[in-house]
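Colleague: Those sequence lines, one after another, are chains A and B.
Going by my numbering, the first residue of the first sequence is number 2, and it counts up by one from there.
Going by my numbering, the first residue of the second sequence is number 8, and it counts up by one from there.
Where is the CB? At the ideal position from N, CA and C, for every residue including glycine.
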Amino acid sequence: MRYILPVILLLTLAGCATTGGVTALTSAKDTENLQDKERRLWHEAGGFDDTIERSGQLYENRSATAYLQSVMDRLYPEFKGKIRIQIYDSTQLNAFALPNGSIYINLGMLARIENEAQLAAVLGHEAVHFVNKHSFLQRVSTKNMAAFAVSGIPFSSLAAASSISGYSRDLEREADAGGYARLVKSGYDPREAHKVFQHLADEVKALDIEEPYFFSSHPQLNDRINEFKSMSARHSGGGRVGSKSYNSIMSPLRLDALRKDIGQDRYRSVILVMEDGSKRAYYPAAGYYYLGEAYSRRDEKGDDKKALDAYRKAEKLAPKFSPTYMRLGMYYMKIGNKGKARHYFNRYLSLASKDANDRGYVQQYLKSL
Amino acid sequence: MMKKILTLIGSVLLSSGCAQTAYWTMTDDMNPVAKSTSFEMTIPEGWVRTTQPETWERIDIDGELQTVLLESMAVTYDGLGIHGISVTRRYSDTAFPTIKKKSTANMLPLEAADLYVAELRKRSGLERLKVLSNKPAKVGGKQAFELVMQYKNDDGLRIKIMTYGFVDKTGFYTISYRAPYLYYYDRDYAKFKKLVSSFRQLKGAFDPPPKIPAWAKLFT
Numbered sequence: 002m003r004y005i006l007p008v009i010l011l012l013t014l015a016g017c018a019t020t021g022g023v024t025a026l027t028s029a030k031d032t033e034n035l036q037d038k039e040r041r042l043w044h045e046a047g048g049f050d051d052t053i054e055r056s057g058q059l060y061e062n063r064s065a066t067a068y069l070q071s072v073m074d075r076l077y078p079e080f081k082g083k084i085r086i087q088i089y090d091s092t093q094l095n096a097f098a099l100p101n102g103s104i105y106i107n108l109g110m111l112a113r114i115e116n117e118a119q120l121a122a123v124l125g126h127e128a129v130h131f132v133n134k135h136s137f138l139q140r141v142s143t144k145n146m147a148a149f150a151v152s153g154i155p156f157s158s159l160a161a162a163s164s165i166s167g168y169s170r171d172l173e174r175e176a177d178a179g180g181y182a183r184l185v186k187s188g189y190d191p192r193e194a195h196k197v198f199q200h201l202a203d204e205v206k207a208l209d210i211e212e213p214y215f216f217s218s219h220p221q222l223n224d225r226i227n228e229f230k231s232m233s234a235r236h237s238g239g240g241r242v243g244s245k246s247y248n249s250i251m252s253p254l255r256l257d258a259l260r261k262d263i264g265q266d267r268y269r270s271v272i273l274v275m276e277d278g279s280k281r282a283y284y285p286a287a288g289y290y291y292l293g294e295a296y297s298r299r300d301e302k303g304d305d306k307k308a309l310d311a312y313r314k315a316e317k318l319a320p321k322f323s324p325t326y327m328r329l330g331m332y333y334m335k336i337g338n339k340g341k342a343r344h345y346f347n348r349y350l351s352l353a354s355k356d357a358n359d360r361g362y363v364q365q366y367l368k369s370l
Numbered sequence: 008m009m010k011k012i013l014t015l016i017g018s019v020l021l022s023s024g025c026a027q028t029a030y031w032t033m034t035d036d037m038n039p040v041a042k043s044t045s046f047e048m049t050i051p052e053g054w055v056r057t058t059q060p061e062t063w064e065r066i067d068i069d070g071e072l073q074t075v076l077l078e079s080m081a082v083t084y085d086g087l088g089i090h091g092i093s094v095t096r097r098y099s100d101t102a103f104p105t106i107k108k109k110s111t112a113n114m115l116p117l118e119a120a121d122l123y124v125a126e127l128r129k130r131s132g133l134e135r136l137k138v139l140s141n142k143p144a145k146v147g148g149k150q151a152f153e154l155v156m157q158y159k160n161d162d163g164l165r166i167k168i169m170t171y172g173f174v175d176k177t178g179f180y181t182i183s184y185r186a187p188y189l190y191y192y193d194r195d196y197a198k199f200k201k202l203v204s205s206f207r208q209l210k211g212a213f214d215p216p217p218k219i220p221a222w223a224k225l226f227t
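#1: So which residues of chain B does A:Thr-358 contact, with C-beta pairs closer than 9 Å?
#2: Between which two residues does the alpha helix (DSSP H) harbouring A:Arg-298 extend?
#3: In the stretch 248 to 266 of chain A, which residues sit with their C-beta less than 7 Å from some C-beta in chain B, listed in chain order?
#4: Roughly how many angstroms separate the alpha carbons of B:Thr-49 and B:Ala-41, rounded to a whole number?
#5: Quick check on B:Phe-206: buried or exposed, where buried means 16 or more other Cβ atoms within 10 Å of its Cβ?
#6: Is it buried or exposed for A:Asp-359, if we count other Cβ within 10 angstroms and need 16 for buried?
#7: What does the alpha-carbon distance come out to for the pair A:Ala-25 and A:Pro-78?
#8: Have a look at A:Leu-273 and B:Asp-85 and give me their C-alpha separation to the nearest angstrom.
#9: Is B:Gly-163 close to chain A, meaning its C-beta is less than 7 Å from at least one C-beta of that chain?
#10: Could you tell me the alpha carbon to alpha carbon distance between A:Met-146 and A:Phe-97, rounded to whole angstroms?
#11: Which residues share a DSSP beta bridge with A:Phe-189?
#12: CA-CA distance, A:Gly-239 and A:Ala-128?
#13: Give the interface partners of A:Gly-57 over in chain B, defined as CB-CB distance under 7 Å, in chain order.
#14: Beta-carbon separation of B:Ile-234 and B:Pro-104 under 7 Å?
#15: With DSSP collapsed to three states, give me the class of A:Val-271.
#16: Where do the ends of the beta strand (DSSP E) carrying B:Pro-187 lie?
#17: Take A:Lys-314 and list the residues in its own chain whose beta-carbon comes closer than 7 Å to its own, dropping the five residues that flank it on each side.
#18: Along chain A, in chain order, which residues have C-beta atoms closer than 7 Å to that of B:Ile-168?
#19: Give the interface partners of B:Ala-102 over in chain A, defined as CB-CB distance under 8 Å, in chain order.
#20: Are the C-beta atoms of A:Pro-52 and some chain B residue less than 7 Å apart?
#21: Straight-line CA distance for B:Gly-172 to B:Leu-136?
#22: How far does the beta strand (DSSP E) with B:Asp-228 in it reach, from first residue to last?
#23: When the Cα atoms are used, what is the spatial distance from B:Pro-217 to B:Trp-63?
#24: Based on Cα-Cα distance, which residue from B:Thr-101, B:Ser-43, B:Gly-148, B:Asn-113 lies nearest to B:Tyr-68?
#25: Could I get the ranges of all uninterrupted alpha helix (DSSP H) runs contained in the stretch 70 to 123 of chain A, with 4 residues as the minimum, in chain order?
#26: Alpha carbon to alpha carbon, how far is A:Ala-258 from A:Met-198? Give it in angstroms, no decimals.
#27: Closer than 6 Å by C-beta to A:Phe-229: which residues in its own chain qualify, once you throw out the five before and the five after it? Chain order, please.
#28: Determine whether the beta carbon atoms of A:Ser-91 and B:Glu-134 lie at a separation below 7 Å.
#29: Is there contact here, the stretch 69 to 78 of chain A with the stretch 174 to 192 of chain B, by at least three beta-carbon pairs under 8 Å?
#30: If you measure between the beta carbons of A:Gly-102 and A:Leu-184, is that distance less than 7 Å?
#31: On the DSSP letters alone, give me the boundaries of the beta strand (DSSP E) that B:Phe-213 sits inside.
#32: For the alpha helix (DSSP H) that A:Gln-364 lies in, which residues bound it at each end?
#33: Can you confirm whether B:Lys-129, when its beta carbon is compared against all beta carbons of chain A, has any partner nearer than 7 Å?
#34: Just checking: is the beta-carbon of B:Ala-186 within a distance shorter than 7 Å of some beta-carbon in chain A?
#35: Return the CA-CA distance between A:Glu-212 and B:Ser-131, expressed in angstroms with no decimal places.
#36: Tell whether a beta-carbon distance below 7 Å holds between A:Ser-233 and A:Arg-192.
Structure representation (structure tokens):
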């Protein structure tokens, strides 16, 4: 009985390896003998890499990038040096692989993932797209192309289009199965894998996305959650979860993701994570400040009070986080409590960096009080 | 990316997807003042400007094209594709149309600046539009913000945008200058500042806001 799953996986992978008559890569060495068509595809993907870097779409954080690379190398040691991970500066929940082995994982996705095992599930999945040459196999549909146009990625190649907007359902299933197998083989706890799709499902619900473009050609999220649950139920033991290492590295990125979400009017996403205790637990306490910002943006009945409560929580739990004091100062200035307004503005000035963007405003407000 | 940049140019410069008044005139020392219903300003000599303001635009709000009224004039020397200045008044109810926020008379300049940046990012799709500085300023005697923003196009060319904005009971006003960081931005920076200092609100600003014309409702 215990051999059934490995046999099934082996058969699945064997099937993947020859899908469409394309031979999958088995190690980094295979990439030295590419056919002309593949070489052109790699060249095209390289151009896409350059565009992303040149146009400032990479999120720069060396320690986080190095950590992501180490997880990928653990998953695919035979491709060390050939699969390169970068953080894509977008708060949307997504990740994508290019045909040349470049894998991009969005800042928003990293912020939502809770541990290394969940990260490994995403990276394992994306790496299968590269190893099994899915870009080569993918026929880019009109639907994918249309989705690509709004994906937040510069349009420069067909290969990139399919990589980002998603592959066919069959190829996605293949990536799910292959990624899962790697996750188990590398010693990660497979019971964490389905949670990645749960994060995506929560986001879709919170943002009220009718047909999320980057999932539109993927299998249904609920089906994938159930599939991963049933796969992990057959797995006997635990494995590495890697919660501490992941969260110590990702903590500052999470705060940055909240800041960017607010800056892009994605306040519902901020409310989703900060109102849910189980999600909020992974975010720094200063996240309450962004929850206050999110309520202010939403501006529904009662949101004024909710925003004020959130700012006060931020003040209490993250007392050195300066933006909170500016907002509290502005609140008290507006209701005419000059004393409290002065107190908070002065506190802001004492904590904010000398080149903080809002310093000039606060100085002006103080003068006017 | 090109689509986004064009959208951004549209948002920042013309604030309009529909250039229904494609009339341009050269500014010389005989006619240096560009006058709209709500405002006027002095245009640098040798620049071209629209002869009358755009009064409406069609914008995508949550996937639906809608007609939004505004008042907007554009000014350029080399052409809007390269650089330009736009002066725009948005009515309070549709001050930040894409993010669906109104402006209020007691809104602080900092609050208006935050909403303006969110609106630009959402509307243009340029998530990584960076705010380089955000300072208090005065425009036409009103408390205002002075924002400097930047983004990179596909070729890595840095484009800078400087926007002054203020809010009062008549709406949300912006004066925006957009140019490539390389050569153009510095070249015309002083001219932009001079235009900003010449900005003046007119009595027409206090007239009741116009209603969306019947023909526009056909599209909405």
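Modeller: From the atom records:
#1: Checking the sequence shown, residue 358 of chain A turns out to be Asn, not Thr. Result: Val-138, Leu-139, Ser-140, Asn-141, Lys-142.
#2: 288 to 299
#3: Gly-264, Gln-265, Asp-266
#4: 6 Å
#5: buried
#6: buried
#7: 16 Å
#8: 46 Å
#9: yes
#10: Note that A:Met-146 scores a pLDDT of 44, beneath 50, so its modelled location is shaky and nothing firm can be said.
#11: Going by the sequence as given, residue 189 of chain A is Tyr instead of Phe. Answer is A:Arg-241, bridged to A:Tyr-189.
#12: 23 Å
#13: Arg-135, Lys-159
#14: Residue 234 of chain B falls outside the range modelled here, since chain B spans only 8 to 227, and no answer is possible.
#15: helix
#16: 178 to 187
#17: Tyr-289
#18: Under the 7 Å cutoff, chain A gives no residues; its nearest Cβ is about 15 Å from B:Ile-168.
#19: Those do not exist, as B:Ala-102 stays about 13 Å from chain A at its closest Cβ, beyond 8 Å.
#20: Inspection of the sequence shows that residue 52 of chain A is occupied by Thr rather than by Pro. Yes, contact with chain B.
#21: 18 Å
#22: Since the first residue of chain B shown is 8 and the last is 227, residue 228 of chain B is not available in this structure.
#23: 11 Å
#24: The sequence shown places Ile at residue 68 of chain B, rather than the Tyr named in the question. Closest by alpha carbon: B:Thr-101.
#25: 108 to 113
#26: Residue identity differs from the one stated: residue 198 of chain A is Phe in this sequence, not Met. So the two alpha carbons sit approximately 19 Å from each other.
#27: Ala-194, His-195
#28: yes
#29: no
#30: no
#31: First-last for B:Phe-213: undefined, no H or E at that position.
#32: 360 to 369
#33: yes
#34: no
#35: Only weak support exists for where A:Glu-212 lies, its pLDDT of 45 falling under 50; the coordinates are left without a value.
#36: yes
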